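Numbering-wise, the sequence shown is residues 1 to 354 according to full-length UniProt numbering. Built from N, CA and C at the ideal position, the CB exists for glycine as well. Note that the coordinates shown come from a computational prediction; the quantities given were computed from them, not determined experimentally. Each remark here refers to the structure printed beneath this line.
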Amino acid sequence: MVNKCARIHDFIRLGLTDAKLPLHPQHEVFQSQRSWNHPDITLFCEAYQWRLTVPYFFKERRPRRVCELELQPNDIKPWEVLRTITPPTNPQPRPTMQLPRINLHSNRYGGFGEVRKVVIHPTQHEYRDILAQWSAENNIFALKRLFTGNKEEFDKEAEMLKRFGGIHPHIICLLATVVCLENGIPHFHLLFPWADTDLLRLWKLQPAGIHGVYRVSWLAEQCYEIVKAVNSIHNPNPRIFIDGVEKWGRHGDIKPQNVLCFIEPGSRKIKFVLSDLGLAQARGDATRSNIPGEGLPGTPNYRPPECDMAPHQGGNLGYVSRSYDIWTLGCLFLELTVWALQGWDGAERFASDR
């Protein structure tokens with residue numbers, strides 16, 4: 001609009017506001033005004049207008065729905081990746097069972113995606129109250145970029161997170177989905193509250209384990225809540241019906257790296273939260289126990305016996321069901337107990353001896 005102030009009334013007449021952006025070069029505002037030459041139109045459409053269209057993350061009010069953004073190549077990404085985090089060296093045991101606000105890495109890598117710690121300006125989201133509930137830092141989020149470029153796989157994980165995320169206080173909640181188009185290739189992202197660390201890093205951060213009745217009581221309470229969280233997936237309430245058929249859930253990848261550690265507001269105690277529903281599934285009654293275990297993805301150290309058995313015709317041998325989660329949860333609790341009693345060195349010896 002430089003040197004075009006006299007044309008402002010044309011924008012008003014056409015009802016042209018930021019909400020109408022981005023504009024295409026063929027828009028009537030350009031075609032009807034001779035003062036817009038071709039270089040000006042190109043510069044405005046390809047550069048200037050994108051400075052005014054920073055995407056906004058809104059809080060979805062409808063149940064089992066989240067904000068869904070699709071960013072074009074010229075869109076300004078509404079986040080900044082934090083990369084200036086220094087890992088602590090030789091962390092020492094602390095006198096109280098409170099997790100220090102230390103993030104070991106700005107990026108985390110898993111088998112199915114990369115998680116980055118990002119900051120989003122407070123004017124670009126409305127999740128402040130949700131972050132407070134999760135005791136997460138203001139404007140700090142976890143942005144998970146899936147390694148897959150398959151939209152069906154992305155939709156599957158997003159659907160499981162919408163369906164099961166947040167149904168229990170100890171299951172992570174999905175805030176938004178983001179698809180970034182780059183050179184015609186979609187890159188899929190999921191947005192969550194940022195956790196201080198996960199259970200595996202906590203074991204390393206507290207190498208002496210835990211001692212004392214109070215801390216053992218806290219640990220038992222967290223285990224109990226994780227069991228209830230798994231039960232909320234296995235037996236969801238409200239019940240799930242898809243195409244008129246009732247469904248039950250299964251997490252499919254319970255392990256220390258998928259148990260996040262948040263700090264509860266007020267008490268400053270650590271809160272275990274189940275995350276990563278990338279392998280979760282919703283199954284009907286007739287299919288709860290007829291999923292072949294051979295080739296099923298998951299964590300090798302936690303594989304239940306049925307994953308190494310060929311499917312048996314006429315029986316349940318070689319098939320997985322919700323009991324798959326019970327086995328892996330038992331493995332998790334066993335390692336957690338070893339760490340609590342013998343510390344990180346004991347946990348490593350136990351893993352080696354197995």
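| Query | Result |
| --- | --- |
| When the distance is taken between beta carbons, is A340 closer than 7 Å to L219? | yes |
| So, is I120 buried or exposed, given that buried needs 16 or more other C-beta atoms within 10 angstroms? | buried |
| For I41, which residues from the same chain have a beta carbon less than 6 Å from its beta carbon, with the 5 sequence-adjacent residues on both sides left out? | P25, F30 |
| Measure the alpha-carbon distance for G330 versus L191 and round it to whole angstroms. | 29 Å |
| DSSP state of D18, grouped into three classes? | helix |
| What residues are listed by DSSP as bridge partners for R145? | E114, H189 |
| Roughly how many angstroms separate the alpha carbons of W344 and F350, rounded to a whole number? | 10 Å |
| Quick one: Cα of L296 to Cα of Y302, how far? | Any reading at L296 must be qualified, since the residue scores a pLDDT of 47, below 50, and its modelled position is unreliable; no value is offered. |
| For the beta strand (DSSP E) holding V259, just list the boundary residues, first then last. | 259-263 |
| Using the Cα positions of V338 and F154, report the straight-line distance between them to the nearest angstrom. | 36 Å |
| Count the other CB atoms within 10 Å of the CB of L334; is the residue buried (16 or more) or exposed (fewer)? | exposed |
| Between C261 and P186, what straight-line distance do the alpha-carbon atoms span, to the nearest angstrom? | 31 Å |
| Rounded to the nearest angstrom, how far is the Cβ of L274 from that of H170, given a contact under 8 Å? | 6 Å |
| Answer yes or no: do G249 and I233 have a C-beta to C-beta separation smaller than 7 Å? | yes |
| Any contact between the stretch 159-168 and the stretch 57-66? By contact I mean 3 or more CB pairs, one from each, below 8 Å. | yes |
| Between which two residues does the alpha helix (DSSP H) carrying T123 extend? | Taken as a continuous stretch (DSSP letters only), T123 belongs to no alpha helix (DSSP H), as it is neither H nor E. |
| Can you tell me whether DSSP reads W344 as helix, strand or coil? | helix |
| Can you tell me where the alpha helix (DSSP H) holding E221 begins and where it ends? | 213-234 |
| Rounded to whole angstroms, what's the CA-CA distance from I76 to E306? Just pull it up for me. | 48 Å |
| Counting C-beta neighbours from all protein chains within 10 Å, is the total for S321 16 or more, i.e. buried, or is it exposed? | buried |
| Look up T177 in the DSSP assignment and give the residues it is bridged to. | E68, L190 |
| Name the two residues that bound the continuous beta strand (DSSP E) containing L274. | 270-274 |
| Under the rule that 16 or more other beta-carbon atoms within 10 Å means buried, what is G15, buried or exposed? | exposed |
| According to DSSP, is V54 part of a helix, a strand, or is it coil? | coil |
| Going by beta-carbon coordinates alone, are P55 and W134 separated by less than 7 Å? | no |
| Return the Cβ separation of L143 and H189 in integer angstroms, given the expectation that the two are a contact with Cβ distance under 8 Å. | 6 Å |
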